[in-house]
Amino acid sequence: MHRAVPGGDFSIARLAQTLNTNTAHAIYLLSQHPVDWSGPRCRRTQYTATRIGQWRTWYEDDHYSLQDIADM
Numbered sequence: 064m065h066r067a068v069p070g071g072d073f074s075i076a077r078l079a080q081t082l083n084t085n086t087a088h089a090i091y092l093l094s095q096h097p098v099d100w101s102g103p104r105c106r107r108t109q110y111t112a113t114r115i116g117q118w119r120t121w122y123e124d125d126h127y128s129l130q131d132i133a134d135m
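For what it's worth, this note's numbering labels the leading residue of the sequence shown as 64, then goes sequentially.
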């Protein structure tokens, strides 16, 4: 998966497309297997990484589906 994360400009949507999945699943995968976000990567993606704890709670404790989390 880390090879699919491009350098420079980055978006969760592009990673999801590369992995042939949806954005919620790509975000969950990144939460389990973090990528080094230093350097010129998109700040919005860095902000997304700060919300992973909440998404994990919704997924693991509240049993929301990945699609439900993406919709929220």
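Glycine included, every Cβ here is placed at the ideal spot set by N, Cα and C. The structure displayed is predicted, hence computed values, not measured ones.
- Boundaries of the alpha helix (DSSP H) harbouring residue 86: 86-95, taken from the DSSP string.
- Under the three-state reduction of DSSP output, residue 125 falls in the coil class, being neither helix nor strand.
- In the three-state reduction of the DSSP assignment, residue 82 falls in the coil class.
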